[in-house]
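Once you know that position 198 of the sequence shown is 267 in my numbering, the rest is easy, because the numbers rise by one and skip nothing.
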Amino acid sequence: MFAAMISAGFPAPPMNHIDLPGPLSIAFYSLAILLGIALAVVVATRLWKSRGGDGDDILSAALWAVVFGIIGARIYHVISSPDAYFGEGGDLLRTVQIWQGGLSIIGAVAAGSVAVWIFCRRNGIKFGAFADAIVPGVILAQAIGRWGNWFNQELYGGPTTLPWGLQIDTDQPHQALPPGASEFTTFHPTFLYESLWNLLGFIALVWLYKRFQFKQGLLAWTYVAYYMMGRFWIESMRRDEPDKSTQFPLEFIGLDWRLNQIVAFVVFLIAIAALIWLFSRRPRTDEALAEELEIHTPASEQRNPVAGHKVDQDALKGTPETDPSGSDSETGRGQFRSKK
């Protein structure tokens, strides 16, 4: 029975919302996003507390980040896909109908990051340390939130005969098949590919956070580089909205990239440059290491050494080089050591 179901392809969702009394309804798209946010807060709280932070910081910052993130996500979507709102036959009122889909992860992360930075500045928290604690939860929220795209039947790739090919239900009023496709055509479920990519990233980031004490901000930029790398190749598979006005094929250099591919590539390069810069500024003295283990700014009233960390050679990564006298060399203090 299971084999027969798989051979028939990845099914279209039986429904995309729950009707409530009167004109109200709850969209599964919204529920997927809310579930992702809730789990992100739980994960970030545990990680932040493991470094000596106050768990209430995460919830307070989340309130800022969610509001900014939703606004940024919608603005980026409307700007990058303006035809449905401002084009011929467009409906300006749809710009606020976020339950119909159209929240860009790129816009959400960018605006949410600004909100978190403001929160950290106001509360004497080092932004790099805080960001490192929250990015594993963020990528988990992205993995869960992508299932909202399944309920809305969006973000799919080209036709495929693979067993997990996605079926499209054309009975939904806003749904139409790409040119040349029939009701029996199945498509690459790119939302599923991105969800699995993000889930693997979540596992890796949590492991790195618990295993190593990096230069503050390194883990956050690792998340950015990882996510953008995956987003680039997944965007290359997408075939929905092929004719929207903001597609920018770079024909003059032989590239046919979507707008989001261009953004992902540029941000990926920025993330790599940031990683290199941060690694070059890793602590090389005991004093610098002690400061790196602090999660609050020097002017903060909450300034305390991080519980559970000792400022000694046990906090260094790798096997240090030693001089003939047996003392650690400058190179030996260059990297953090994995936590035991």
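C-beta: ideal position from N, C-alpha, C; glycine also.
Considering Cα atoms alone, identify which of the options is closest to residue i.
| i | options | result |
| --- | --- | --- |
| PHE199 | ASN218, VAL332 and GLU363 | GLU363 |
| ALA184 | TRP326, ALA131, VAL335 and THR291 | ALA131 |
| ILE208 | TYR98, ILE139, LEU324 and VAL275 | VAL275 |
| ILE272 | VAL112, LEU89 and ASP88 | VAL112 |
| ARG280 | PRO82, SER119 and GLU304 | SER119 |
| TRP326 | VAL335, SER305, LEU344 and LEU338 | SER305 |
| ILE102 | THR255, ILE167 and LEU224 | ILE167 |
| GLY270 | GLN285, THR291 and PRO83 | THR291 |
| ILE87 | PHE220, LEU162 and GLN285 | PHE220 |
| PRO228 | ILE331, VAL165, PHE256 and ASN218 | PHE256 |
| VAL332 | ALA179, ALA153 and PHE155 | ALA179 |
| ASN329 | SER173, ALA153 and PHE155 | SER173 |
Taking a contact to mean a Cβ-Cβ separation below 8 Å, would you say residue i touches residue j in this structure?
| i | j | result |
| --- | --- | --- |
| TYR278 | LEU288 | yes |
| ALA210 | LEU108 | yes |
| GLY226 | GLY181 | no |
| PRO258 | PHE137 | no |
| GLU361 | PRO352 | yes |
| ARG215 | GLY171 | no |
| GLY299 | GLU263 | yes |
| ILE237 | ALA81 | yes |
| ILE127 | VAL110 | yes |
| GLY197 | GLY286 | yes |
| PHE337 | PHE301 | yes |
Determine the burial state of residue i: buried for a count of at least 16 other Cβ atoms within 10 Å of its Cβ, exposed for fewer.
| i | result |
| --- | --- |
| TRP346 | exposed |
| TRP117 | buried |
| GLU370 | exposed |
| ARG191 | exposed |
| PHE283 | buried |
| PHE253 | exposed |
| ASP201 | buried |
| GLY176 | buried |
| LEU161 | exposed |
| ASP381 | Note that ASP381 scores 42 on pLDDT, short of 50, meaning its location in the model is unreliable and no value can be drawn from it. |
| LEU324 | exposed |
| GLY159 | exposed |
Quick check: what's the CA-CA separation for residue i versus residue j?
| i | j | result |
| --- | --- | --- |
| GLY234 | VAL135 | 33 Å |
| CYS189 | ILE148 | 29 Å |
| VAL293 | GLY91 | 43 Å |
| ARG307 | ALA212 | 17 Å |
| THR230 | ILE194 | 51 Å |
| GLU157 | PHE97 | 29 Å |
| PRO151 | ILE187 | 30 Å |
| SER129 | PRO83 | 37 Å |
| ILE341 | ILE203 | 20 Å |
| ASP355 | THR114 | 29 Å |
| LEU105 | TRP266 | First, the amino acid is wrong: residue 105 is Gly here, not Leu. GLY105 and TRP266: Cα-Cα distance of roughly 15 Å. |
| GLU223 | GLY217 | 9 Å |
| ILE339 | LEU93 | 43 Å |
| THR164 | HIS365 | 40 Å |
| LEU358 | ILE139 | 37 Å |
| ALA376 | LEU268 | In this predicted model, ALA376 has a pLDDT of only 43, less than 50, meaning its place in the structure is not dependable; the value taken from the coordinates is given anyway. Roughly 29 Å separates the two Cα atoms. |
| PHE334 | GLY124 | 35 Å |
| ARG350 | ALA343 | 11 Å |
| TRP133 | TYR145 | 18 Å |
| ALA153 | PRO232 | 32 Å |
Under the DSSP definition of a beta bridge, which residues are partnered with residue i?
| i | result |
| --- | --- |
| ILE194 | HIS365 |
| PHE79 | LEU235 |
| PHE256 | PRO228 and LEU235 |
| ILE345 | Answer by DSSP bridge pairing: none, since ILE345 is not bridged. |
| HIS86 | ALA96 |
| ARG307 | GLY226 |
Determine, using beta carbons only, whether residue i comes closer than 8 Å to chain B.
| i | result |
| --- | --- |
| GLY270 | In summary, chain B is missing from the structure at hand, where a single protein chain is found. |
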